[in-house]
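This report concerns only the one structure given below.
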Amino acid sequence: MEEFVTRNSTIMDRYDPLKRVVLALDEWVTWYNVEPGTNPGFLFQQNTLSDAIIAGINLNG
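Those letters in the sequence shown? Residues 9 to 69, per this note's numbering, in order.
Right, dumping it as structure tokens:
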């Protein structure tokens, strides 16, 4: 995540030196296609241990 932010901040600084545009990150978990038979508006998905590890990596930075 740090590499992603650094790389994108460098690009943004080149094109927006006055820093009028901000980089905002929202999700810290993985999202997959909607499970069959579920309402996509409810944003439900069954998570796994791998998803928990990814969330931990993203939150720990």
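Beta carbons: idealized from backbone N, C-alpha and C, even for Gly.
From the options, residue whose alpha carbon lies closest to that of residue i
i	options	result
Val-30	Tyr-40, Thr-38 and Thr-18	Thr-18
Glu-55	Asn-16, Phe-12, Tyr-40 and Asp-21	Note on residue identity: the sequence assigns Asn, not Glu, to residue 55. Checking every option, the nearest Cα to that of Asn-55 belongs to Tyr-40.
Leu-57	Leu-51, Thr-38 and Met-20	Thr-38
Phe-12	Gln-53, Val-42 and Ala-32	Ala-32
Beta carbon of residue i nearer than 9 Å to that of residue j
i	j	result
Trp-36	Ala-63	yes
Thr-47	Met-9	The sequence shown places Asn at residue 47, rather than the Thr named in the question. Not a contact, by the Cβ cut-off of 9 Å.
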